[in-house]
Amino acid sequence: MRQLKIHGPGDLRLDEVPEPTPGPRDAVVRVAACGICGSDVGYARLGGLAGPTGEPMPLGHELAGTVAALGGEVRDLAVGTRVVLNPGLARIGNGGPEGGFAPLLLVRDAAAGESLFPIPDDLPFDRAALAEPLGVGMNAVNRSGACAGEKVAVFGAGPIGLAAVATLHDRGVEDVVAIDLSDARLALAEKLGARATVNPAREKPWERLKELHGTAPMMGHPLAATDAFVEASGAPPVIPDLIANAREEARIAVVALHREPVAVSFLLVMMKQLTIRGAMEYPEDYRDMIDLLARRDLGAMITHRFALGRIDEAFAVARDPDAGGKVIVEMES
Numbered sequence: 001m002r003q004l005k006i007h008g009p010g011d012l013r014l015d016e017v018p019e020p021t022p023g024p025r026d027a028v029v030r031v032a033a034c035g036i037c038g039s040d041v042g043y044a045r046l047g048g049l050a051g052p053t054g055e056p057m058p059l060g061h062e063l064a065g066t067v068a069a070l071g072g073e074v075r076d077l078a079v080g081t082r083v084v085l086n087p088g089l090a091r092i093g094n095g096g097p098e099g100g101f102a103p104l105l106l107v108r109d110a111a112a113g114e115s116l117f118p119i120p121d122d123l124p125f126d127r128a129a130l131a132e133p134l135g136v137g138m139n140a141v142n143r144s145g146a147c148a149g150e151k152v153a154v155f156g157a158g159p160i161g162l163a164a165v166a167t168l169h170d171r172g173v174e175d176v177v178a179i180d181l182s183d184a185r186l187a188l189a190e191k192l193g194a195r196a197t198v199n200p201a202r203e204k205p206w207e208r209l210k211e212l213h214g215t216a217p218m219m220g221h222p223l224a225a226t227d228a229f230v231e232a233s234g235a236p237p238v239i240p241d242l243i244a245n246a247r248e249e250a251r252i253a254v255v256a257l258h259r260e261p262v263a264v265s266f267l268l269v270m271m272k273q274l275t276i277r278g279a280m281e282y283p284e285d286y287r288d289m290i291d292l293l294a295r296r297d298l299g300a301m302i303t304h305r306f307a308l309g310r311i312d313e314a315f316a317v318a319r320d321p322d323a324g325g326k327v328i329v330e331m332e333s
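Residue numbering for the sequence shown follows this note's numbering, beginning at 1 and increasing consecutively.
Following this line, the structure appears as structure tokens:
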């Protein structure tokens, strides 16, 4: 079978590899759909992670499929069960020996409710593959503490920001503003529940937030009355701007990857009594994402689909911030 691996910076190849055979505690999943994550794009640019063997690194962790084979000691799964993957336990597609951009995936020490989670029969595989990125956005919302009746701004409308918007909308947070430089992404945010959108190329975000959310005074200065922020953009100026312009006791969840240090005025953090929390990976219960995907059609997050044989085209689209939302790779049967 063919499996996507990184051989060096910008060097992605579909290598011929043997089909996996499960050990006593393992499962083999026939992959139906796998999303391209921002980390996949980053790994491809950097040449992957240096593993213990120095072998090319397999990619792909946002996936859904069907259990194709089981080891003899696996008791809580059945062949034919439709599942999504929790990739964190085995570093699948993140520096480990397995990756999901392939027709078959070996899941070591497989267990239902831990590494593999059953999904409803009527949930399409492409939408089920959104579970992992949805979980990242959902965890950011959890960390922000946002709840119904509050005013929230989401900076960055890529897949994680869109997942945060969808989660907020599902939880009854009606006053959500999405901010991004891509009109295509902002249109998706509106479809997923954003009340309003702001493109900083045309509007001043903080003036617009004051118009939309009202103002809260601080030492005679009107600040945007936004209760909580989700920083999903990764743009270097955003965090200093948030700290400078957020109202007193605002809450900020940072889920974006900031590769370089960012200047933080702790004087303002102290004076405003701001809460700043990082957000990494998923909620405590992975089934929360499956439940949301089963109840609401979040297919608007998916803007492009490619066959595995067109993986270079798929990554080219995923690298383009103006291309829209999630790119899904569908495996050949």
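Using N, Cα and C, we set each Cβ at its ideal position, and we do this for glycine too.
The structure displayed is predicted, hence computed values, not measured ones.
- Within the region 37 to 73, the runs of beta strand (DSSP E) that reach at least 3 residues and sit entirely inside it are, in chain order, 62 to 70.
- If you look at His213, you'll find it in the alpha helix (DSSP H) that goes Pro205 to His213.
- Here Asp227 carries a coil assignment [DSSP, helix/strand/coil].
- A straight-line Cα-Cα distance of about 6 Å links Pro22 and Leu70.
- Of all C-beta pairs linking the region 269 to 278 to the region 250 to 257, three or more are shorter than 8 Å, placing the two stretches in contact.
- The region 108 to 190 contains, as complete beta strand (DSSP E) runs of 3+ residues, the segments 116 to 118, 151 to 155 and 175 to 179 (chain order).
- When the five nearest sequence neighbours on each side are left out, the beta carbons in the same chain lying within less than 7 Å of the beta carbon of Leu268 are those of Ile243 and Ala244, in order along the chain.
- Each of Arg296, Ala316 and Ala128 was checked against the Cα of Thr167, and the nearest Cα belongs to Arg296.
- In the three-state reduction of the DSSP assignment, Ala314 falls in the helix class, which pools H, G and I.
- By DSSP's assignment, Ile6 forms a beta bridge with Leu12 and Met57.
- Annotated as distal: Leu209 and Leu162, with beta-carbon spacing of 8 Å or more.
- Contact between Ala196 and Val177 holds, with the beta-carbon distance rounding to 5 Å and staying under 8 Å.
- When secondary structure is reduced to three states using DSSP, Met218 falls in the strand class.
- Per DSSP, reduced to three states, the secondary structure at Arg295 is helical.
- Bridge partners of Asn86 according to DSSP: none are assigned.
- In this structure the region 284 to 303 does not touch the region 258 to 265; the number of beta carbon pairs closer than 8 Å is below three.
- By the Cβ neighbour-count rule, Pro9 is exposed, with fewer than 16 other Cβ atoms within 10 Å of its own.
- Cβ contact annotation for Val230 (same chain, cutoff 6 Å, sequence separation greater than five): Ala140, Ser144, Val154, Ala164 and Ala253, in chain order.
- Going by DSSP, Ala253 is part of no alpha helix (DSSP H) but of the beta strand (DSSP E) stretching over Arg251 to Val254.
- In the structure shown, Leu257 adopts coil according to DSSP, grouped into three states.
- Contact check for Leu106 against Gly60 fails: the beta carbons are separated by 8 Å or more.
- In this structure, Gly48 and Ile6 form a Cβ contact; the two beta carbons are roughly 4 Å apart against a cut-off of 8 Å.
- The DSSP-derived three-state label of Ala300 is helix.
- With 16 or more other CB atoms across the displayed protein chains lying within 10 angstroms of its CB, His213 is buried.
- The DSSP-derived three-state label of Gly193 is coil.
- In terms of Cα proximity to Met331, the closest of Phe125, Met138 and Lys151 is Phe125.
- When DSSP states are grouped into helix, strand and coil, Ile290 belongs to the helix group.
- In the structure shown, Phe101 adopts coil according to DSSP, grouped into three states.
- According to the DSSP secondary-structure assignment, Gly96 is paired through a beta bridge with no residue.
- Out of Asp109, Arg202, Ala102 and Met138, the CA that lies nearest to the CA of Arg2 is found in Ala102.
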